[in-house]
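Residue numbers (the numbering used here): 1277 to 1343.
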């Protein structure tokens, strides 16, 4: 369930999410990035350097998209 407040002022529409909705979505994004970083570290430790580099590129793209 998404809690939001829709408003329109001078023909400009915007949506404002509630505090807990923003907190939950930012927590999920953070945990995805932490999981990817741990996976990269483990792949590198095991010697799969190419796979770790590919995953790190994916992590950087994901963090850019979510910013």
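All C-beta atoms in this analysis are idealised placements derived from N, C-alpha and C, irrespective of residue type, glycine included.
Three-state class that DSSP yields for residue i in the structure shown
| i | result |
| --- | --- |
| residue 1277 | With a pLDDT of only 46 at residue 1277, under 50, the local geometry of the prediction cannot be trusted, and the value read off the model is given with reservation. Reduced to three states, the DSSP call for residue 1277 is coil. |
| residue 1323 | coil |
| residue 1300 | helix |
| residue 1294 | coil |
| residue 1328 | helix |
Distance CB(residue i)-CB(residue j) smaller than 9 Å
| i | j | result |
| --- | --- | --- |
| residue 1327 | residue 1336 | no |
| residue 1331 | residue 1309 | no |
| residue 1334 | residue 1299 | no |
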